[in-house]
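Engineer: Got a structure here, written out as structure tokens. Questions coming.
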Amino acid sequence: MPASLDRSPLGRNRRFALLASARVISVLGNGFARVALAFAVLALPGASPGRLSLVLACQAVPQLLFILLGGVIADRMSRSRLMAMADVVGAVAYGGLAALVLAEHASLVLMCVLAVAAGTATALFSPAMDGAVPLVVPAGQLQQANGLLRVGTNISLLVGLALSGAAVAWLGAGWALALNALSFVVSAVLTWLLRIGERPRRKSSGWTDLREGWREFSSRQWLWAVVGQYTLVVAALNAFVGVLGPLAAEDGLGGARAWSVIVAAQALGAIAGAGLAARVRVGRPILVAVLATLPMAVPMALLGAGAPVWLIAVAMFASGVFSDVFAVLWSTTIQQKVPEEVLSRVISYDWFGSLAFAPLGLLAAGPAAGAWGTGQMLFACSALITVATLAALLAPQVRTLRAPAQAERPAATRRKTVAAEPAGEETAG
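Structure follows, in structure tokens:
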């Protein structure tokens, strides 16, 4: 559980403590897996960058393909039970990967199958997780809760990434993957203990549920305008962090050491930003969130211009701060403004839209840098973020949507939420 939670009134909310602890533990394990899986694949006979890309793609693609299905299921059953089931799938997937590596007979086909299972588990977990927060936290504490969750997961991921290299070196990639599988088991137990009530039984088909979620999503201009913005922003960020940044660092900044300093600065900024966002109160949260995207374009431009490492690191720290201000304000506004019974489906459309071009950003960045130069592509990514952000500001609802005077959900929705909860637990109303 994040240390900051102990000093918060939310620390007395047992179910939020369980939710936060589960999330922090699973993210810590994922930090191990990012490094361990890569080294496990590279240790296979005949390993190549192409094989590594294939396994990672098998993990990433299901996250995009099945995220809408995850939203439909999360609005049909207990969100805590779905999270626990997804964690079990993740534990089996990473446990299987660990066993293959430790047995030294890791078939590429089996690793791809298990990577698909791990990606599917993420797609099922994410909409349920975001939709569970307003069911375990009073409406007036949603922003603080989202901020604390971001602080905890940012610290956990940073620690996981920092320790993963040592774990792989000392224990081997197989045991590091086994530790990740264990983290999913612990998370599954904690999410099961949340005991969020079952959803009212629905007679509609899954397609009908998807169409209903789309109507709720598309009827809110502020929602689809910002998701459209982030379709381009995430593609640019993926190209920058995954390909263009390392290429530029290798060419002119001294290589991996300089890039690690820059990335670490962003991670530290994200921790600070989540803590700030948990406390800040703004009247127009979507306007502030969209404006907070603009600083993300600055590090790309500086790196493209050949700025010194310290200046790029400062810009990346600021980018991390503002990225988490965006994330907390965005999550809180969705949880406050969208009816609870369709919340996970709307969140799944948010995830789907935001990630739609993410693989394209990774695939196109390398060839584009070879054709036009890394510096030019960094400027192009910076310009893309700036233009997408300014375009989102053209939507009237983005500029004018106001936070509730009292952060409460509509009365009818609140009654449904309370009715779905087991007796004797805190409710979201």
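Residues in the sequence shown are numbered from 735 upward in steps of one, following the working numbering.
Yeah, the Cβ is synthetic: ideal placement off N, Cα and C, and Gly gets one too.
Here's the rule I'm using: 16 or more other beta-carbon atoms within 10 Å means buried, otherwise exposed. How should Gln1069 be labelled?
Structural biologist: For the purposes of this step, residue 1069 is taken as residue 335 along the sequence shown, with counting starting at 1. Under this definition Gln1069 is a buried residue.
Engineer: Take the Cβ of Ser815 as the centre, count every other Cβ of all protein chains shown within 10 Å, and call the residue buried at 16 or more, exposed below.
Structural biologist: Residue mapping note: residue 815 aligns to position 81 of the sequence shown, counting from 1. Reading the sequence as shown, one finds Arg at residue 815 and not Ser. So Arg815 counts as buried.
Engineer: So the alpha helix (DSSP H) Gly865 belongs to, where does it begin and stop?
Structural biologist: Position 131 of the sequence shown, counted from the first residue, corresponds to residue 865. Taken as a continuous stretch (DSSP letters only), the alpha helix (DSSP H) holding Gly865 covers 842 to 870.
Engineer: With distances taken Cα to Cα, identify the nearest neighbour of Leu1077 among Ile1020, Gly804, Leu752, Ala751.
Structural biologist: The residue you call residue 1077 lines up with position 343 of the sequence shown. Comparing Cα positions, the closest option is Gly804.
Engineer: Can you tell me whether Ile930 is helix, strand or coil according to DSSP?
Structural biologist: For the purposes of this step, residue 930 is taken as residue 196 along the sequence shown, with counting starting at 1. Looking at Ile930 - three-state DSSP - the assignment turns out to be coil, as it is neither helix nor strand.
Engineer: Quick one: what's got a C-beta closer than 6 Å to Gly1009's C-beta in the same chain, skipping five residues either side?
Structural biologist: The residue you call residue 1009 lines up with position 275 of the sequence shown. Closer than 6 Å at Cβ, skipping near neighbours: Val885.
Engineer: Less than 9 Å separating the beta-carbons of Phe750 and Val871?
Structural biologist: For this step, residue 750 is matched to residue 16 along the sequence shown. For this step, residue 871 is matched to residue 137 along the sequence shown. If you check the CB distance, Phe750 and Val871 come in under 9 Å.
Engineer: Could you check whether Ala851 and Gly881 sit closer than 9 Å to each other, using their CB atoms as the reference points?
Structural biologist: If you number the sequence shown from 1, residue 881 lands on position 147. If you number the sequence shown from 1, residue 851 lands on position 117. Cβ atoms of Gly881 and Ala851: not closer than 9 Å.
Engineer: For the putative contact between Gly962 and Gly1095, defined by C-beta atoms under 8 Å, what is the C-beta separation to the nearest angstrom?
Structural biologist: Residue 962 sits at position 228 when you count from the first residue of the sequence shown. Residue 1095 sits at position 361 when you count from the first residue of the sequence shown. Going by Cβ atoms, the distance from Gly962 to Gly1095 rounds to 15 Å, so no, they are not a contact pair.
Engineer: Indicate whether Val1032 and Ala1006 have their beta-carbon atoms separated by less than 9 Å.
Structural biologist: If you number the sequence shown from 1, residue 1032 lands on position 298. If you number the sequence shown from 1, residue 1006 lands on position 272. Cβ distance not < 9 Å, so Val1032 and Ala1006 don't count as in contact.
Engineer: How about Glu950 and Val843: are their beta carbons less than 9 Å apart?
Structural biologist: For the purposes of this step, residue 950 is taken as residue 216 along the sequence shown, with counting starting at 1. For the purposes of this step, residue 843 is taken as residue 109 along the sequence shown, with counting starting at 1. Annotated as distal: Glu950 and Val843, with beta-carbon spacing of 9 Å or more.
Engineer: Judging by CA-CA distance, which residue of Trp1085, Glu1074, Trp948, Pro1029 is the nearest neighbour of Leu1118?
Structural biologist: Translated into positions along the sequence shown, residue 1118 becomes position 384. Taking only the C-alpha atoms, the option nearest Leu1118 is Pro1029.
Engineer: Go to Thr1120, then tell me how far its alpha helix (DSSP H) extends in each direction, as first and last residue.
Structural biologist: Residue mapping note: residue 1120 aligns to position 386 of the sequence shown, counting from 1. That run of the alpha helix (DSSP H) goes 1108 to 1126.
Engineer: Mapping DSSP to helix, strand and coil, what is Pro1073?
Structural biologist: Locating residue 1073 in the sequence shown gives position 339, where the first residue counts as 1. Coil, per DSSP.
Engineer: Can you give the Cα-Cα distance for Gly829 and Leu916, rounded to whole angstroms?
Structural biologist: Your numbering for residue 829 matches position 95 in the sequence shown. Your numbering for residue 916 matches position 182 in the sequence shown. If I take the Cα positions, the gap works out to 8 Å.
Engineer: Any contact between the segment 759 to 779 and the segment 1038 to 1049? By contact I mean 3 or more CB pairs, one from each, below 8 Å.
Structural biologist: no
Engineer: Apply the 10 Å Cβ neighbour rule to Thr942 and answer buried if 16 or more other Cβ atoms are within range, or exposed otherwise.
Structural biologist: For the purposes of this step, residue 942 is taken as the residue at position 208 of the sequence shown. Burial call: exposed.
Engineer: Are there three or more Cβ pairs, one per stretch, closer than 8 Å when the segment 1108 to 1117 is compared with the segment 977 to 991?
Structural biologist: yes
Engineer: Between the beta-carbon of Ile1020 and the beta-carbon of Gln877, is there less than 9 Å?
Structural biologist: The sequence position of residue 1020 within the sequence shown is 286, counting from 1. The sequence position of residue 877 within the sequence shown is 143, counting from 1. Contact flag unset, no.
Engineer: For Thr856, does the count of other Cβ atoms within 10 angstroms reach 16, so buried, or fall short, so exposed?
Structural biologist: Counted from its first residue, the sequence shown places residue 856 at position 122. By the 10 Å Cβ count, Thr856 comes out buried.
Engineer: Could you give the DSSP three-state label for Val1016: helix, strand or coil?
Structural biologist: On the sequence shown, position 282 is the one that residue 1016 refers to. Of the three classes helix, strand and coil, the one that applies to Val1016 here is coil, per DSSP.
Engineer: By how many angstroms is the C-alpha of Leu1002 removed from the C-alpha of Leu1135?
Structural biologist: For the purposes of this step, residue 1135 is identified with residue 401 of the sequence shown, where counting begins at 1. For the purposes of this step, residue 1002 is identified with residue 268 of the sequence shown, where counting begins at 1. Near 30 Å, if we compare the C-alpha coordinates of Leu1002 and Leu1135.
Engineer: Are the beta-carbon atoms belonging to Ala959 and Ala1126 less than 9 Å from one another?
Structural biologist: Counted from its first residue, the sequence shown places residue 959 at position 225. Counted from its first residue, the sequence shown places residue 1126 at position 392. For Ala959 and Ala1126, yes; Cβs fall inside 9 Å.
Engineer: Let's test the definition: count the other Cβ atoms within 10 Å of the Cβ of Gln955 and tell me whether it reaches 16, buried, or not, exposed.
Structural biologist: Mapped onto the sequence shown, residue 955 falls at position 221. By the 16-neighbour rule on beta-carbons within 10 angstroms, Gln955 is exposed.
Engineer: Of all the options Ala794, Ala862, Ala910, Met817, which has the alpha carbon lying nearest to the alpha carbon of Leu836?
Structural biologist: Reading the sequence shown from its first residue, position 102 is the one you call residue 836. Selected option, being the one with the closest Cα: Ala910.
Engineer: Going along the chain, which residues of its own chain have a beta-carbon closer than 6 Å to the beta-carbon of Ala1047, five neighbours each way excluded?
Structural biologist: Indexing the sequence shown from 1 puts residue 1047 at position 313. Within the same chain, Ala1047 has close Cβ partners Val995, Ile996, Ala999.
Engineer: Quick check on this structure: which residue in Ile801, Val1080, Trp948, Thr1108 has the alpha carbon closest to the alpha carbon of Ala1039?
Structural biologist: Here the question's residue 1039 lines up with position 305 in the sequence shown. When C-alpha distances from Ala1039 are compared across Ile801, Val1080, Trp948, Thr1108, the shortest belongs to Thr1108.
Engineer: Give me, in chain order, the residues of the same chain whose beta-carbon lies closer than 8 Å to that of Arg746; leave out the 5 immediate sequence neighbours on both sides.
Structural biologist: Locating residue 746 in the sequence shown gives position 12, counting from the first residue. Spatial neighbours of Arg746 in its own chain (CB-CB distance under 8 Å, excluding positions within 5 residues in sequence) are not present.
Engineer: So which of Cys792, Val1121, Arg810 has the shortest CA-CA distance to Glu946?
Structural biologist: Start at 1 with the first residue of the sequence shown, and residue 946 comes out as number 212. Nearest option by C-alpha distance: Arg810.
Engineer: Below 6 Å CB to CB, which residues in the same chain sit around Ala992 once its five sequence neighbours on both sides are set aside?
Structural biologist: Mapped onto the sequence shown, residue 992 falls at position 258. So the list reads Ala983, Val1043, once near-sequence residues are dropped.
Engineer: Assuming Val968 contacts Phe1091 under a Cβ cut-off of 8 Å, what Cβ separation, rounded to an integer in Å, is found between them?
Structural biologist: Start at 1 with the first residue of the sequence shown, and residue 968 comes out as number 234. Start at 1 with the first residue of the sequence shown, and residue 1091 comes out as number 357. Right, their Cβ atoms sit about 7 Å apart.
Engineer: Can you have a look at Arg1015 and say buried or exposed, based on whether 16 or more other CB atoms are within 10 angstroms of its CB?
Structural biologist: Within the sequence shown, residue 1015 is the residue found at index 281, counting from 1. Exposed, because fewer than 16 other Cβ atoms sit within 10 Å of the Cβ of Arg1015.
Engineer: Counting along the chain, where does the alpha helix (DSSP H) carrying Ala827 start and finish?
Structural biologist: The count along the sequence shown starts at 1 and reaches residue 827 at position 93. It spans 813 to 837 - the alpha helix (DSSP H) in which Ala827 sits, taken as one unbroken run.
Engineer: Given Leu1037, which residues of its chain have a CB within under 7 Å of its CB, disregarding the five upstream and five downstream residues?
Structural biologist: Taking the first residue of the sequence shown as 1, we reach residue 1037 at position 303. Gly979, Ala982, Ile1046, Leu1112, listed in sequence order.
Engineer: Contact defined as beta carbons within less than 8 Å: I believe Ser1116 pairs with Ala1035. What is the distance between those atoms, to the nearest angstrom?
Structural biologist: Working through the sequence shown from its first residue, we reach residue 1116 at position 382. Working through the sequence shown from its first residue, we reach residue 1035 at position 301. 4 Å between Cβ atoms; contact.
Engineer: So, using beta-carbon positions, are Ala849 and Val902 closer together than 9 Å?
Structural biologist: For this step, residue 849 is matched to residue 115 along the sequence shown. For this step, residue 902 is matched to residue 168 along the sequence shown. No.
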